Every structure is written in structure tokens, then in C-alpha cells.
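Undergrad: Protein sequence lines correspond, in order, to chains A and B. The numbering used here puts the first residue of the first sequence at 1, with every later residue one more than the last. The numbering used here puts the first residue of the second sequence at 1001, with every later residue one more than the last. Each residue gets a CB set at the ideal place from its N, CA and C atoms; glycine is no exception. Since the model is a prediction, treat every value here as computed from it, not as a measurement. Please see the structure below; I have some questions.
2 protein chains.
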Amino acid sequence: MNKPENRKWKVLKSENILRLGPWLSVRQECVEMPSGKQIPTWFVLEFPNWINVIALTKDGKMVMIDQYRHALGETHYELVAGVVDEGETPLEAAKRELLEETGFGGGEWSEFMVLSPNPTNHNNLSYTYLAKDVEPVTTQHQEATEDIRIHVMEQAEVRELLEEGEIVQALHAAPLWKYFAQE
Amino acid sequence: MNKPENRKWKVLKSENILRLGPWLSVRQECVEMPSGKQIPTWFVLEFPNWINVIALTKDGKMVMIDQYRHALGETHYELVAGVVDEGETPLEAAKRELLEETGFGGGEWSEFMVLSPNPTNHNNLSYTYLAKDVEPVTTQHQEATEDIRIHVMEQAEVRELLEEGEIVQALHAAPLWKYFAQE
């Protein structure tokens, strides 16, 4: 398929209006469309890149977690996920997060999917890795502000969670549905 | 599958620190985990709910669009999508957006998927509808700040775009992969 023509906007003015530590900053821009029409106010949320992992054990089970997510106020099953730290590659971040959150490591890793959390207002990308043949190599290392529970599940159970709408995080549902669509 | 226990945090303090028209507001909270550990600063991005539509014509083609997305700086194929306005149901918003962005209407509508854009920091949900047997009923009605191109595609073409990673928006990739996984 041909890619659509990239009809970029021209940035006429850009300023940072909020910086919240390393998590988020907000940029306010005045832009001009190719038509010449100006949009006086557009907000861009600046985040670091993110990663998540579809981790399969040697017997083909999936390493899932559950975690309370405060903005939604709910606790759901999820993939291991996290932020790419300064100086890290996405792959390094993915291996680090899997080890920290679950104690699983080793295995064969490949890039599985790259998504935009929201191309309208997020400037970052989310990388999903497929890690095959991982195994327990250490214990979970949680920070005091983390409360993560590990679930090593049959793939059929994860598919059932997807069918039931239990995996609500779009950045996790997309690669998991892709995985099952390609099975 | 059993749902995980919802280990909710207690909100000790909550204040709005930024309000950007109807698009976004930011709430800063001080919270306490069930363990008693306090997190002094947590940010919640408050958005209205969103919708998108997998729209199928009578001959089984998919009504897609492409649109420049400024935060990412790229133009990709997408589903028709938009914001649920005040006083609207998600279904009403989905029908309105499909009509405005493409001129397609009619058909049989059902809820297909509910996702969280990011349960960590977004308080809203995104509803996907499956609309079967839609047909052209009017012309596209774009606002001056919209630059949307319509593509009525074979389903095999959309599947190919997914395989190529061309559909980058997670809230669109997830329902489309679900659709093809269930085919």
C-alpha cells in the first residue's frame, strides 16, 4: 500500500507551558496548515518512549501482571511495561522492566510492534517486544510505590481475558490481539 | 477468569493545575497506597471519552481515513474517530463523526470494544463501534482545521496496513487486530 502524503503543519510559535518532572511536559504551539489556515493553539504532550513485553516461558505460557492504575481507578491484567530511561535503548528498557517486575529474563527477543499512544497529542512511541523462552532468573524487585502481582498464564487464558474486554490498556490490547491474529 | 482485586489508592489531596479548554485538564493528587505508603505527586490527565468506528460498506469494504497528526508529525491511515461531546452518548458521537468525516451513514451498529487510552494517567475511555452496511448518505463536512481524506478499502488492504505497522494509533490498531483475529 502507498503511504498517505504527509501534510505537515508549519510551527509558527512553540513554548513549554508545564513541566512535571520526567513524566510529562506540555508544549503549546501556534501552527499553520498546508491550506494556509492557522490554528492558534495546539497542545503537544511530551513523554519519553515506552515499552511493553509479550514474554513467553519455555512451555509457552505468558508472563502477565496486574497493577492498580490510578487515573482509571481500576486494576486489570496487563503486560509488563515501563518507560525508556535516558541513555537506554527500548530493548534494554524492556529487558530491565521484565526482570524488575517479574524476575524473568533470558530468552530470545525481537521487536514485535511499534505504536503511537495517541499521535494527535503524544510525541512518543511505544515499543512491544516478543520475548521467547524466558525463565525465572531472579526475584521481583519492586519500588515502594509499585504493587505488581505476577501471573504466568496459559495463552488460552490471555485470549479469554481479551475476549472479555479485561485487558483495557490499548497499548497492551493491540499487540496481544496482533499476536493471536497471527497464531 | 477471576478479575484481580482492585487495590485502590486513597486520595489525600486533589487539585486542578491546568485547564486547556475542553481538550485537557491536569489534576495533581497526593495519594496513599493500601500499604500505607504515600505518593506525594500523581498526575491525572482529564479528557472527555473518545470513539472510533470500524465501518463496513454493503460490499464488505472498510471506510478508512488519513489525517495529519501533529504531535507525532506524521500522516497515517486511521479509523474515523472523535470526541464524545457534552450530552451525547458514545454511539451518537460515533454516528455523528462517521457522517461528518466521510458522509457515510445508516447501517447496523454495535459496540465492539472499550479501551483505556492509558489507565495510568488518562481518566477516560475509548469506545469502538462496528457499523455494518453503511452507505454514502451525504457529503463530507469538514471544519476549516480538518484535512481528512477518505479511503474505502478492501479488508485485505487494511490487514496489510496493520501487518506493515502503518496503522500506528494504538486505539485503532487494537480493535482492527481484534476484528481480524475474530474473522
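Counting only Cβ pairs nearer than 8 Å, list the residues of chain C close to F1104 (chain B).
TA: Of the protein chains in the structure, A and B, none is chain C.
Undergrad: Between the alpha carbons of T89 (chain A) and K1058 (chain B), how many angstroms are there, rounded?
TA: As a position in the first sequence, residue 89 (chain A) is number 89, starting the count at 1. As a position in the second sequence, residue 1058 (chain B) is number 58, starting the count at 1. So the two alpha carbons sit approximately 46 Å from each other.
Undergrad: Can you tell me whether K1008 (chain B) is helix, strand or coil according to DSSP?
TA: In the second sequence, residue 1008 (chain B) corresponds to position 8, counting from 1. Coil, per DSSP.
Undergrad: List, in chain order, every chain B residue whose beta-carbon is nearer than 8 Å to that of I39 (chain A).
TA: Translated into the one-based positions of the first sequence, residue 39 (chain A) becomes position 39. Simply T1145.
Undergrad: Could you tell me which chain A residues have their CB closer than 8 Å to the CB of F1043 (chain B), listed as they occur along the chain?
TA: Within the second sequence, residue 1043 (chain B) is the residue found at index 43, counting from 1. The contacting residues are L20, W23 and L24.
Undergrad: Ignore the nearest five residues each way along the sequence and tell me which others in M113 (chain A)'s own chain have a CB closer than 8 Å to its CB.
TA: Stepping through the first sequence from its first residue, residue 113 (chain A) is reached at position 113. Y127, T128, A174, P175 and K178, listed in sequence order.
Undergrad: Return yes when the Cβ of N52 (chain A) is within less than 8 Å of the Cβ of A71 (chain A), no when it is not.
TA: Stepping through the first sequence from its first residue, residue 71 (chain A) is reached at position 71. Stepping through the first sequence from its first residue, residue 52 (chain A) is reached at position 52. Cβ atoms of A71 (chain A) and N52 (chain A): not closer than 8 Å.
Undergrad: Relative to the alpha-carbon of D85 (chain A), which residue among A:V168, A:W23, A:E154 and A:E32 has its alpha-carbon at the smallest distance?
TA: Against the first sequence, residue 85 (chain A) aligns to sequence position 85. For D85 (chain A), the nearest C-alpha among the options comes from A:W23.
Undergrad: Assuming the contact rule is C-beta atoms closer than 8 Å, E1032 (chain B) and W1009 (chain B) should be a hit. Round their C-beta distance to whole Å, please.
TA: For this step, residue 1032 (chain B) is matched to residue 32 along the second sequence. For this step, residue 1009 (chain B) is matched to residue 9 along the second sequence. Indeed they touch by this definition, with Cβ atoms about 6 Å apart.
Undergrad: What's the call for R1019 (chain B), buried or exposed, on a 16-neighbour Cβ count within 10 Å?
TA: Taking the first residue of the second sequence as 1, we reach residue 1019 (chain B) at position 19. The residue is exposed, with fewer than 16 neighbouring Cβ atoms inside 10 Å.
Undergrad: Count the other C-beta atoms from every protein chain shown that fall within 10 angstroms of the C-beta of H76 (chain A), then say buried if there are 16 or more, exposed otherwise.
TA: In the first sequence, residue 76 (chain A) corresponds to position 76, counting from 1. Its Cβ being crowded by 16 or more others within 10 Å, H76 (chain A) is buried.
Undergrad: At the level of alpha carbons, what is the spacing between L1162 (chain B) and L1012 (chain B)?
TA: If you number the second sequence from 1, residue 1162 (chain B) lands on position 162. If you number the second sequence from 1, residue 1012 (chain B) lands on position 12. Between L1162 (chain B) and L1012 (chain B), the C-alpha separation is close to 44 Å.
Undergrad: With distances taken Cα to Cα, identify the nearest neighbour of S1035 (chain B) among B:R1007, B:I1017 and B:A1093.
TA: Residue mapping note: residue 1035 (chain B) aligns to position 35 of the second sequence, counting from 1. Measuring from the Cα of S1035 (chain B), the nearest candidate turns out to be B:R1007.
Undergrad: Could you tell me whether the Cβ of Y1129 (chain B) comes closer than 8 Å to any Cβ of chain A?
TA: Walking along the second sequence from the start, residue 1129 (chain B) turns up at place 129. For Y1129 (chain B), the answer is no, since every Cβ of chain A falls outside 8 Å of its Cβ.
Undergrad: Consider the C-beta atom of K178 (chain A) and the heavy atoms of the ligand MN; say whether any pair is separated by less than 7 Å.
TA: For the ligand MN, the structure offers nothing, since it holds no ligand at all.
Undergrad: Answer yes or no: does any C-beta atom of chain A fall closer than 8 Å to that of D1085 (chain B)?
TA: Taking the second sequence and counting its residues from 1, the one referred to as residue 1085 (chain B) is at position 85. It does not: the Cβ of D1085 (chain B) has no partner Cβ on chain A nearer than 8 Å.
Undergrad: So, is I1054 (chain B) buried or exposed, given that buried needs 16 or more other C-beta atoms within 10 angstroms?
TA: Here residue 1054 (chain B) is taken as the residue at index 54 of the second sequence, counted from 1. Counting Cβ neighbours within 10 Å, I1054 (chain B) comes out buried, since at least 16 surround it.
Undergrad: Taking 8 Å as the cut-off, decide whether the C-beta atoms of A170 (chain A) and A1181 (chain B) are in contact.
TA: Reading the first sequence from its first residue, position 170 is the one you call residue 170 (chain A). Reading the second sequence from its first residue, position 181 is the one you call residue 1181 (chain B). Against a cut-off of 8 Å, the Cβ pair of A1181 (chain B) and A170 (chain A) comes out as no contact.
Undergrad: For Q1194 (chain B), which three-state DSSP category applies?
TA: Residue 1194 (chain B) is absent from the model: chain B starts at 1001 and stops at 1183.
Undergrad: State the CB to CB distance for the pair E1078 (chain B) and I1065 (chain B), rounded to an integer number of angstroms; the pair is presumed to be in contact (CB under 8 Å).
TA: Walking along the second sequence from the start, residue 1078 (chain B) turns up at place 78. Walking along the second sequence from the start, residue 1065 (chain B) turns up at place 65. 6 Å between Cβ atoms; contact.
Undergrad: Quick check for students: name the residue ranges of the beta strand (DSSP E) that lie wholly in the stretch 1095 to 1144 of chain B, counting only runs of 3 or more.
TA: Within the stretch 1095 to 1144 of chain B, the complete beta strand (DSSP E) runs of at least 3 residues are 1108 to 1115 and 1126 to 1136.
Undergrad: By DSSP, does V158 (chain A) sit in helix, in strand, or in coil?
TA: Looking up residue 158 (chain A) in the first sequence gives position 158. Of the three classes helix, strand and coil, the one that applies to V158 (chain A) here is helix, per DSSP.
Undergrad: List in chain order: all unbroken beta strand (DSSP E) runs of 3+ residues lying wholly within the stretch 1003 to 1063 of chain B.
TA: With a minimum length of 3 residues, the continuous beta strand (DSSP E) runs that stay inside the stretch 1003 to 1063 of chain B are 1010 to 1020, 1024 to 1032, 1038 to 1046 and 1050 to 1057.
Undergrad: Among all the DSSP beta bridges, which residues are the ones paired with Y68 (chain A)?
TA: One-based indexing of the first sequence puts residue 68 (chain A) at position 68. Y68 (chain A) is bridged to A:T75.
Undergrad: I'd like to know if the stretch 135 to 146 of chain A and the stretch 1089 to 1098 of chain B are in contact, where contact means that at least 3 CB-CB pairs between them fall below 8 Å.
TA: Touching, no.
Undergrad: Is T120 (chain A) buried or exposed, if buried means 16 or more other CB atoms sit within 10 Å of its CB?
TA: Your numbering for residue 120 (chain A) matches position 120 in the first sequence. Its Cβ being crowded by 16 or more others within 10 Å, T120 (chain A) is buried.
Undergrad: List the residues of chain B whose Cβ lies closer than 8 Å to the Cβ of V80 (chain A), in chain order.
TA: Residue mapping note: residue 80 (chain A) aligns to position 80 of the first sequence, counting from 1. Those within 8 Å of V80 (chain A) in chain B number zero; the least Cβ separation is about 14 Å.
Undergrad: Measuring straight from C-alpha to C-alpha, what distance separates N1118 (chain B) and E101 (chain A)?
TA: The count along the second sequence starts at 1 and reaches residue 1118 (chain B) at position 118. The count along the first sequence starts at 1 and reaches residue 101 (chain A) at position 101. For N1118 (chain B) and E101 (chain A), the distance between alpha carbons rounds to 19 Å.
Undergrad: Ordered along the chain, which non-local residues of its own chain (more than five positions away) have a Cβ less than 8 Å from that of D1133 (chain B)?
TA: As a first step, residue 1133 (chain B) must be located in the second sequence, where it is residue number 133. Answer for D1133 (chain B): L1056, T1057, K1058, G1106, G1107 and E1108, listed in chain order.
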